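These notes are about the structure you will find just below.
Protein chains: 2
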Amino acid sequence: MTNQTPLDSLDAIARTADEAARALVRIAPATRAAALVAAADAITAEADDLVALAMSETGLAEVRLRGELKRTAVQLRLFADTVVDGAYLDARIDRADPDFALGPRPDVRSVNEPIGPVLNFAASNFPFAFSVAGGDTAAALAAGNPVIVKAHPGHPLLSERTAEVAAAALEGAGLPSGTLQLIAGQEAGVAMLRHPLVKAASFTGSVGAGRVLADIAAARVDPIPFYGELGSVNPVFVTPGALAERAGEIAAGLVASVGGSAGQLCTKPGFVFLPAGHGLDDAIAEASAKVEEHRMLGPRIAEGYARRRDAILETAGVRVIAAGSLRTDDGGQGWVTPTMAAVGVEDLRAGLGTLLDECFGPLTILVEAPADADYADLLEEFFEGNLTVTVHRADGDDVARLVRAASRRAGRVLFDGWPTGVAVTPAMQHGGPWPATTSGGTSVGTAAIARFVRAVAYQNAPAAILPPPLRDDNPWDVPQRIAPAGESAAWGGRAA
Amino acid sequence: MTNQTPLDSLDAIARTADEAARALVRIAPATRAAALVAAADAITAEADDLVALAMSETGLAEVRLRGELKRTAVQLRLFADTVVDGAYLDARIDRADPDFALGPRPDVRSVNEPIGPVLNFAASNFPFAFSVAGGDTAAALAAGNPVIVKAHPGHPLLSERTAEVAAAALEGAGLPSGTLQLIAGQEAGVAMLRHPLVKAASFTGSVGAGRVLADIAAARVDPIPFYGELGSVNPVFVTPGALAERAGEIAAGLVASVGGSAGQLCTKPGFVFLPAGHGLDDAIAEASAKVEEHRMLGPRIAEGYARRRDAILETAGVRVIAAGSLRTDDGGQGWVTPTMAAVGVEDLRAGLGTLLDECFGPLTILVEAPADADYADLLEEFFEGNLTVTVHRADGDDVARLVRAASRRAGRVLFDGWPTGVAVTPAMQHGGPWPATTSGGTSVGTAAIARFVRAVAYQNAPAAILPPPLRDDNPWDVPQRIAPAGESAAWGGRAA
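Residue numbers (this note's numbering), protein chains in the order written: chain A, 47 to 542; chain B, 47 to 542.
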């Protein structure tokens, strides 16, 4: 693959995706599910080669990448189960009702159908799980859509190889050619986002780039949904009770969460509120000193981190607990260890403009609050939308107000743990108010499929024409929500 | 109410809504449901006064308005049932699983929570059902959100009176003051759409106005979902078989659907494809001549209709089947009877720029197609997103390709009937690809509630902190989707 897909080839790629969409809609879900499993098997079989490529292109550690590849395969299997289960179809059947309160009600049945070709902008920091065969791709495919992946320039060879392996597996399992295609280059990505045959887009990356793309999607002649997972600083609140109970455990857990993958995770805890006089400095400094140097994803990310880190450390009132290191090797790559800083609430308020933006890398700011501080108020004062808010508490602590404030600001509220290491499960919510995500929804877990469907209702359709999930004989055995006739009797029926 | 809510009062209104949102989240759903029923009872009790006001302000007929008020009350009751049922919460419980394929899985539980204050732009053509206490308001309230309604200038007194009646009923039933507020004026509406405390908006109206508002919502510092129901021409396809079987019935049904409410319905069938030589001219002309003159909603709408009608009738190849009438009374109001025109496929193609836009009023274009025409191809050639596509067919007709094309273009595909008269039911889908709606979803039926919630996950939350729908003892008795431990054994568990 060249660095940039030729712009004059994009129309053909979009048309191929559109043709694939038309073919996919006629393929049974069991075949689609089997194809997802085949893709999972195929990338698992190629794990050694893929992980080696990923290590050289991203600098991430082997154990992390093997885990991420496994997560990616499991995601595909989970979505295969989701397809077969069919609950995501939200099949609804309203029986005709001659006595309905508003006059005779027709037979109306609705089901979620594929939205159409999906453009997925891959991420830098998860070369498997949020890239070519990652969660957004799996969710869109599971819903029955073809996917065009815009490769991330941070791992071009891995992207190409993963696309070859996954596309061959999908096609080998009976899905149409063109179900999964790859493009590369910023200009190509933007042009494809504007293509009329593309019906939705997903993105994982920075607020800046995500906002540009979201604006392009919204400005189309026909605006399309743009599911961006952008910025999050993931504030953590430690109650005095939690600190009294397990200070050492909290210090160790924090450093592990910040240092893992060199802090290059969208769920890295960026701010930790805790009582002033917490006495954790030594424990945090010691734990940080034990974290091995880790390469950052690429030179540009390392430069950005260095700039943000300098700006934070130069801000008035910021105290360094562990300075951490940042060096550039002969190849221009940046190598880091965690930087842990602290600031008082008043200085955070004064330094808002500098301090509050996300810092992508292994740096976290402890916010030292007065003993009588109200964490709920501080949360509302300092933070907009986030992927997560974490509460460390002890039995007997009243955190009800804090939890309500957290649920207004975040997609996931977690307790007595750390936000990194997102579970891939049916209930996971990886998304939150702006700027955590652009259009709602989650990009992790099986609920992610909901972003790539749209409901279609069929009114008084002959049985032979109805999509299978809406038939009375329910050949795919999916959950059907049935509204029987006579329901409106409670409101007085026709006489009301 | 003045014509325009003072701009300097908007911040206080938004803050009141925000306070109401914080209070609403602590109120039990049974109380919320009872409040919706109280609002339904209140507007029903005031029906005589409200309908009289609506008649004078909109020119719509009494029987239509009484039916619409009843629909509005039934909608509120339906949403009360939806609240109590709790399926819309999509409560999911993933049990902790030490043997999960990707390593120990935490306890994760997610539930749909209210999105926050909703701004609802009321419609001109449904002074009850898509206005102050209409479907969008009912759906947003049902989800637990306060609503700020921007009144439509076409029925200001009715808007004010409805808001008084409904707000008093909601408050009387225990909901916080400020749960339902009214503003007026275009400038106030736009300013409120930009207010940071407004978290979602809904709109029913023209493509032009809807696009302006959608762009404003997308351009906010924090973009919010904008659920606009904009334009639709609702194409109808009549097979030769259907025509042979029931030509007279089709002609009569068409004229009734086009003439009702002077064609001022978003589901009015704008184009009817049928075989050339259909022989329906006389039947259609006769039925049209029997439709009584009907006042249009207001002078501006009548002027717009006159312009569109002239442009269509002056287009090359357009043949008039029933000219219809259009006169202006002394008060400046327009009065109309249906205009039925016909055009060949080639002339439609040549006149695309003029003919294809929505014509808001009682005008429909018959498109006369060659005997060998492929309706699926014509549908894809001529139409973008629509609320509905209708198929009139006879037993034995193969309409599978046409139905697939229709499901790609519309939110509702209906058979052997007419798209006007939308049923308010759980399976109804009133929305479709752009420009039918802006952000997916439906604005009619109980599924409309999904637009005004967002999922929040709770990870390892103590039982006492969990929202009631996520507790093991399930105090509200809502559907819970439970993922037990051990599920990943099928993928090899930890050993995989």
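Positions of the beta carbon are idealized from the N, C-alpha and C atoms, including for glycine. Since the structure is predicted, the reported quantities are computational estimates derived from the model, not experimental observations.
Residues of its chain near residue i, where Cβ-Cβ distance is below 7 Å and the 5 sequence neighbours each way are ignored
| i | result |
| --- | --- |
| residue 442 (chain B) | 287 |
| residue 541 (chain A) | Any reading at residue 541 (chain A) must be qualified, since the residue scores a pLDDT of 32, below 50, and its modelled position is unreliable; the value itself is stated next. Around residue 541 (chain A): no qualifying Cβ. |
| residue 502 (chain B) | 156, 157 and 159 |
| residue 333 (chain A) | 297, 298 and 301 |
Cβ neighbours of residue i in the same chain (closer than 8 Å, five flanking residues each side left out)
| i | result |
| --- | --- |
| residue 340 (chain A) | 105, 107, 305, 307, 308, 381, 382, 383 and 408 |
| residue 162 (chain A) | 64, 67, 191, 243, 244, 245 and 246 |
| residue 77 (chain B) | 219, 220 and 221 |
Burial state of residue i, where buried means 16 or more other Cβ atoms lie within 10 Å
| i | result |
| --- | --- |
| residue 358 (chain A) | buried |
| residue 547 (chain A) | Since the first residue shown for chain A is 47 and the last is 542, residue 547 (chain A) is missing from the structure and cannot be characterised. |
| residue 547 (chain B) | The structure shown does not extend to residue 547 (chain B), since chain B is modelled only from 47 through 542, so no value can be given for it. |
| residue 72 (chain A) | exposed |
| residue 151 (chain A) | buried |
| residue 53 (chain A) | exposed |
| residue 96 (chain A) | buried |
| residue 477 (chain A) | buried |
| residue 353 (chain A) | exposed |
| residue 364 (chain B) | buried |
| residue 493 (chain A) | buried |
| residue 336 (chain B) | exposed |
| residue 510 (chain B) | exposed |
| residue 398 (chain A) | exposed |
Assigned secondary structure, residue i (DSSP; H/G/I helix, E/B strand, else coil)
| i | result |
| --- | --- |
| residue 142 (chain A) | coil |
| residue 160 (chain B) | strand |
| residue 121 (chain B) | helix |
| residue 498 (chain A) | helix |
| residue 342 (chain A) | coil |
| residue 194 (chain A) | strand |
| residue 301 (chain B) | helix |
| residue 542 (chain B) | In this prediction, residue 542 (chain B) scores a pLDDT of 31, lower than 50, which makes its location untrustworthy; the coordinate-derived value is nonetheless stated afterwards. Residue 542 (chain B): coil per DSSP, three-state reduction. |
| residue 227 (chain A) | strand |
| residue 463 (chain A) | coil |
| residue 240 (chain A) | coil |
| residue 366 (chain A) | strand |
| residue 41 (chain B) | Nothing about residue 41 (chain B) can be reported from this structure: the residues present for chain B run from 47 to 542 only. |
| residue 409 (chain A) | strand |
| residue 361 (chain B) | coil |
| residue 471 (chain B) | coil |
| residue 62 (chain A) | helix |
| residue 580 (chain B) | Lying outside 47 to 542, the shown extent of chain B, residue 580 (chain B) is not represented and no answer is given. |
For residue i: DSSP bridge partner residues
| i | result |
| --- | --- |
| residue 526 (chain B) | B:137 |
| residue 320 (chain A) | A:414 |
| residue 216 (chain B) | BP columns for residue 216 (chain B) are empty, so no partner. |
| residue 273 (chain A) | A:248 |
| residue 284 (chain A) | A:438 |
| residue 374 (chain A) | A:380 |
| residue 166 (chain B) | B:195 and B:248 |
| residue 504 (chain A) | A:155 and B:459 |
| residue 432 (chain A) | A:456 |
| residue 532 (chain B) | Per DSSP, none; premise fails for residue 532 (chain B). |
| residue 483 (chain B) | B:275 |
| residue 390 (chain A) | A:414 |
Same chain, Cβ closer than 6 Å to residue i, neighbours up to 5 away in sequence not counted
| i | result |
| --- | --- |
| residue 121 (chain B) | 181, 184 and 470 |
| residue 405 (chain B) | 354 |
| residue 488 (chain B) | 475, 476, 477 and 494 |
| residue 400 (chain A) | 357 and 361 |
| residue 497 (chain A) | 273 and 487 |
Exercise for review: Give a yes or no on contact between the stretch 314-323 of chain B and the stretch 446-460 of chain B, applying the rule of three or more CB pairs nearer than 8 Å.
Suggested key: no
Review point. Does the stretch 87-98 of chain B touch the stretch 115-123 of chain B, meaning 3 or more C-beta pairs lie closer than 8 Å?
Key: They touch, by the three-pair rule.
Exercise for review: Answer yes if the stretch 189-199 of chain B comes into contact with the stretch 222-229 of chain B, meaning at least three C-beta pairs across the two stretches below 8 Å, and no otherwise.
Suggested key: yes
Review point. Are three or more beta carbon pairs between the stretch 127-146 of chain A and the stretch 515-534 of chain A nearer than 8 Å?
Key: yes
Point to revise | Any 3 or more C-beta pairs closer than 8 Å across the stretch 71-90 of chain A and the stretch 208-225 of chain A | key: yes
Point to revise | Three-pair Cβ contact test at 8 Å for the stretch 64-71 of chain A versus the stretch 95-103 of chain A | key: no
Check your understanding: Are at least three pairs of beta-carbons, each pair with one atom in the stretch 430-445 of chain B and one in the stretch 462-475 of chain B, less than 8 Å apart?
Key -> yes
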